[in-house]
Amino acid sequence: MIRMLHLHRWKILAVATLANLVLLANLAAGDPKGLEEIAWLDIAGEGGAALLAFLWLGLILNSRPSGRVTNYLVAGLTGIFIAYWQDVLDEVIRLPEAVVWDHWVESGAMPLGMVLLTLGIYHWQREQLAINEQLRRRERIFREHRSFDRLTNLTSAPYLRRQLAMELGEAGRAVTLMMLDVNRFDHVRRQLGSRDADRLLQELAELLLLNLRQDDLLCRYAGDRFAVVLPGTGEREATLLAGELIAAVDHFAFKTRQGETRLQRLDVGLATARGDEPDALIERANQDLEARREQPAPA
Amino acid sequence: MIEAGYELDDKFIGAHHQPVTLMDLVCDQGAEVDRLLRHTGLFYHEVAAGRALASPRQYLQLIHNARRLYPEPELSFLHGQRLFPGHYGAVSALLGNAPDLGLALAVFESAQSLISPLLTTRVARAGDYCCVQWLDACGAGDEYRFLVETMMAGLASVTRWLSGERLPWIFQFSYPRPAYPEQYRVHLGSDLHFDAHMDAMLLPAGYLDRPWPRASATARALALRDCENDLARLGFRTSFIQALYDYLRQRVREPVSLEQAASALGASPATLKRRLRRQGTHFQQLLDRARKHEALHLLQLHGYSNDQVARHLSFNDPTNFRRSFKRWTGLTPSACRRLLARTLDRPDPSARSDEGAC
């Protein structure tokens with residue numbers, strides 16, 4: 017899937033130009049070797065390495081926005097690619113003994129590229145730590161990029177089950193699972209239309225994140241139902257937190273595309289782990305939510 | 013006589029009706045409309061102009077493409093929730109103005125080709141329960157489960173909207189628990205039963221004639237007239253397979269042969285065989301399905317004993333019945349009855365007689 021390549025048009029052009037210049041310089045200075053002189057194994061080895069370096073370059077460019085870290089990574093990989101490229105050309109073009117620049121291209125570009133790549137990876141790691149900090153409350157302990165929900169960018173139910181399995185495995189630690197959903201969301205969706213209803217869920221996700229603690233985890237369970245894992249939290253503390261979330265959503269004035277204000281209420285269910293399996297805990301929290309939903313709201 | 017019915021390649025579904033609901037949903041998520049319509053034989057400008065008619069096969073291909081472009085398990089449920097009452101002319105007005113659940117279900121049953129062209133609905137009232145069963149209309153193949161999810165979510169959502177309350181449906185599925193039970197839990201409800209041999213929704217029969225708040229009697233009368241005109245123009249209410257199934261189900265007490273069914277259709281046995289093969293089924297399969305569903309209904313809803321069911325289905329001896337039942341469901345009648353009694357939260361009748369013996 018091509019997503020980010022268009023951001024890096026100039027970088028791609030620069031790499032292509034550089035590779036062409038090296039090729040032209042080789043052709044201008046030397047002569048092609050005869051077929052019997054060519055060591056095919058060397059071509060396969062060095063050509064394969066050049067090809068892989070080029071592929072890494074493409075993957076990096078396609079996954080990253082522009083910026084300092086990207087520039088380091090691209091410069092480093094370009095150096096490595098050019099060094100291998102010269103290596104391959106050496107196998108098919110004979111340069112006169114008097115020419116020395118090809119050794120410079122080969123032996124100079126490689127270490128320079130390595131240094132730049134190292135610098136890039138170092139800054140990449142710093143950047144990743146900053147992103148991890150931003151992702152807190154959206155993921156805990158392990159990362160699985162396939163489990164992000166498309167609409168809210170929260171993790172989804174399979175991630176919740178795996179996460180709970182890990183939390184519940186730690187003996188002696190209280191864990192409470194909270195389930196939340198929008199009261200009568202089915203009606204809300206029919207009245208607002210799908211696009212506004214989807215946006216409502218996205219904004220609710222942000223609002224809930226703002227009201228959670230650093231170690232809590234928010235997942236989108238399914239539809240309009242969210243799950244919050246509250247590690248190290250007993251029932252009383254969880255009830256207080258639930259009250260805070262309900263109050264926050266009560267005061268959230270969502271604006272439709274027409275600019276009208278739409279208020280909603282949250283239904284909440286809680287279940288504190290008592291040695292259950294993840295599925296059983298999720299089931300208890302769901303049942304608690306459904307039981308409380310049936311009761312009329314306090315006046 | 014067997015009623016006229018449509019087949020997989022008959023073009024009668026307004027492509028700007030239900031198919032467009034799915035197209036909008038998937039395109040809202042960023043899919044390209046050209047890729048969505050690939051291999052369907054539909055063209056966007058014709059669909060948008062409201063001129064294109066799609067066959068069930070084309071609608072199924074669209075669903076296949078939609079699932080590839082938006083491979084999230086919530087797709088079927090979201091699609092279902094957006095379907096009804098919809099803007100499909102008279103039939104939507106008829107459903108939207110239904111004065112109670114019984115008459116809303118009657119729309120699904122009697123105007124099925126207009127409101128649910130890919131799955132048919134059969135409603136049975138038995139004892140204190142009403143059972144809404146969903147059946148494959150014309151050979152859905154791999155998309156069958158998607159359709160069941162869609163239609164169940166659709167019916168649950170529209171009845172909640174029109175009645176103004178959450179109806180306590182019990183959901184029963186012919187297939188095992190899927191890998192994404194949370195979607196069923198949130199979009200359908202908590203009372204879910206998998207591996208239960210039928211795709212059906214059950215509800216206490218008392219809900220059937222509770223008055224609903226939104227209906228207008230005049231609008232409904234007009235819609236009913238227009239809807240009958242639409243159906244007369246189409247020439248069918250249901251699919252060919254469903255019509256044949258209904259015929260077999262009505263005559264479930266007297267085993268019907270392929271030749272008899274063919275002559276009821278006014279066709280030769282060879283023609284009937286060919287028509288069934290075109291839709292991925294055959295006569296024995298339909299006959300077995302009709303008898304299996306009858307047996308399940310009698311066991312679960314009417315509380316028949318195994319022997320009563322065997323007699324009802326004209327089996328000469330109980331062993332024969334047990335063997336056939338096992339072929340249909342993989343279970344003995346008693347094991348199946350226990351399973352289905354659990355669905356309705358009923359004490360198992362055979363267990364009660366055991367207690368009496370103690």
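Protein chains in written order, with the working numbering: chain G, 17 to 315; chain U, 13 to 370. Beta carbons are placed, not taken as given, at the ideal position from N, Cα and C, and that holds for glycine.
Discussion item. When you compare the CB of glutamate 155 of chain G with every CB in chain U, is at least one pair closer than 8 Å?
Written reply: no
Discussion item. Please report the distance separating the alpha-carbon of alanine 315 of chain G from that of asparagine 318 of chain U.
Written reply: Residue placement at alanine 315 of chain G cannot be trusted, given a pLDDT of 42 that sits under 50; what the coordinates show is reported in the next sentence. Cα-Cα distance, rounded: 54 Å.
Fill in: Buried or exposed (CB count within 10 angstroms, at least 16 for buried), aspartate 231 of chain G
exposed
Fill in: arginine 364 of chain U versus tryptophan 181 of chain U: straight-line alpha-carbon distance, rounded
With a pLDDT of only 42 at arginine 364 of chain U, under the threshold of 50, the placement of this residue in the model should not be trusted; the figure read from the coordinates follows. Distance between the alpha carbons of arginine 364 of chain U and tryptophan 181 of chain U: 26 Å.
Worksheet item: Which runs of the alpha helix (DSSP H) spanning at least 4 residues fall entirely within the stretch 77 to 104 of chain U, listed in chain order?
Response: 87 to 95
Worksheet entry | Range covered by the beta strand (DSSP E) that runs through arginine 134 of chain U | 131 to 138
Item to complete: To the nearest angstrom, report how far apart valine 32 of chain U and leucine 159 of chain U are at their CA atoms.
Response: 16 Å
Discussion item. Can you give me the C-alpha to C-alpha distance between histidine 28 of chain U and alanine 61 of chain U, rounded to a whole angstrom?
Written reply: 8 Å
Worksheet item: If you measure from the beta carbon of asparagine 36 of chain G to each beta carbon in chain U, is any gap under 8 Å?
Response: no
Worksheet item: Looking only at its own chain, which residues have a Cβ that is under 6 Å from the Cβ of lysine 373 of chain U, when we skip the five neighbours before and after it?
Response: Shown here, chain U extends from 13 to 370; a query on residue 373 of chain U therefore has no answer.
Item to complete: Please list the partners that glutamate 306 of chain G has in chain U, where partner means a Cβ-to-Cβ separation under 7 Å.
Response: Ser202
Discussion item. Give me the residue from G/Leu145, G/Tyr88, G/Leu67 with the minimum Cα distance to methionine 130 of chain G.
Written reply: G/Tyr88
Worksheet item: Whose CA, out of U/Glu84, U/Arg301, U/Val59, U/Asp329, lies closest to the CA of isoleucine 253 of chain U?
Response: U/Arg301
Worksheet item: Which residues, in order along the stretch 77 to 93 of chain U, keep a beta-carbon less than 9 Å from a beta-carbon of chain G?
Response: Tyr82, Glu84, Pro85, Glu86, Phe89, Leu90, Gln93
Practice prompt. Assign tyrosine 187 of chain U to buried or exposed, taking buried as 16 or more other Cβ atoms, counted over all protein chains shown, within 10 Å of its Cβ.
Written response: exposed
Fill in: Cα-Cα separation, tryptophan 101 of chain G to glycine 46 of chain G
16 Å
Practice prompt. Throw me the rounded Cβ distance for the arginine 238 of chain U and alanine 102 of chain U pair, which I believe falls under 8 Å.
Written response: The identity of residue 238 of chain U in the sequence shown is aspartate, whereas the question assumes arginine. Their Cβ separation, rounded to whole angstroms, is 4 Å, which keeps aspartate 238 of chain U and alanine 102 of chain U in contact under 8 Å.
Worksheet item: Where do the N-terminal and C-terminal ends of the beta strand (DSSP E) with leucine 148 of chain U fall, by residue?
Response: Contrary to the premise, residue 148 of chain U reads as aspartate rather than leucine in this sequence. Unbroken beta strand (DSSP E) run through aspartate 148 of chain U: 141 to 148.
Discussion item. Could you pull the DSSP bridge partners for methionine 20 of chain G from this structure?
Written reply: Its beta-bridge partners do not exist; DSSP assigns none.
Item to complete: Compute the distance between the beta-carbons of threonine 255 of chain G and leucine 286 of chain G, then report whether it is under 8 Å.
Response: yes
Discussion item. Would glutamine 73 of chain U pass as an interface residue toward chain G - the criterion being a Cβ-Cβ separation below 8 Å?
Written reply: no
Worksheet item: What is the rounded straight-line gap between the Cα of leucine 343 of chain U and the Cα of threonine 331 of chain U?
Response: 14 Å
Discussion item. Only counting the same chain, and skipping five residues up and downstream in sequence, which positions put a Cβ closer than 6 Å to that of cysteine 370 of chain U?
Written reply: Below a pLDDT of 50, predicted positions are generally treated as unreliable, and cysteine 370 of chain U, at 34, falls in that range; the measurement from the model is reported next regardless. For cysteine 370 of chain U, where only same-chain residues beyond five positions count, there are no Cβ hits under 6 Å.
Discussion item. Classify glutamate 155 of chain G: buried if its beta carbon has 16 or more other beta carbons within 10 angstroms, exposed otherwise.
Written reply: buried
Discussion item. Excluding the 5 residues flanking valine 90 of chain G on each side, which residues of the same chain have their C-beta closer than 6 Å to its C-beta?
Written reply: Lys27
Practice prompt. Kindly confirm or deny that the stretch 139 to 156 of chain U and the stretch 211 to 226 of chain U touch, where touching means at least three C-beta pairs closer than 8 Å.
Written response: yes
Worksheet entry | Residue-chain proximity (asparagine 302 of chain G, chain U), Cβ-Cβ < 8 Å | yes
Worksheet item: Exposed or buried, which one is arginine 222 of chain U when buried takes at least 16 other CB atoms within 10 Å?
Response: exposed
Worksheet item: Is serine 210 of chain G close to chain U, meaning its C-beta is less than 8 Å from at least one C-beta of that chain?
Response: yes
Worksheet item: Hey, is tyrosine 237 of chain G's beta-carbon within less than 8 Å of any beta-carbon in chain U?
Response: yes
Worksheet entry | Where glutamine 230 of chain G falls: helix, strand or coil (DSSP) | coil
Discussion item. At a CB distance below 8 Å, what residues from the stretch 152 to 172 of chain U approach chain G? Give them in sequence order.
Written reply: Ser169, Arg172
Discussion item. Using a Cβ-Cβ distance cut-off of 8 Å, determine whether alanine 173 of chain G contacts chain U.
Written reply: yes
Practice prompt. Apply the 10 Å Cβ neighbour rule to asparagine 77 of chain U and answer buried if 16 or more other Cβ atoms are within range, or exposed otherwise.
Written response: buried
Worksheet item: To which residues does DSSP link arginine 110 of chain G through a beta bridge?
Response: G/Asp47
Worksheet item: What separation, rounded to the nearest whole angstrom, lies between the Cα atoms of isoleucine 25 of chain U and leucine 311 of chain U?
Response: 37 Å
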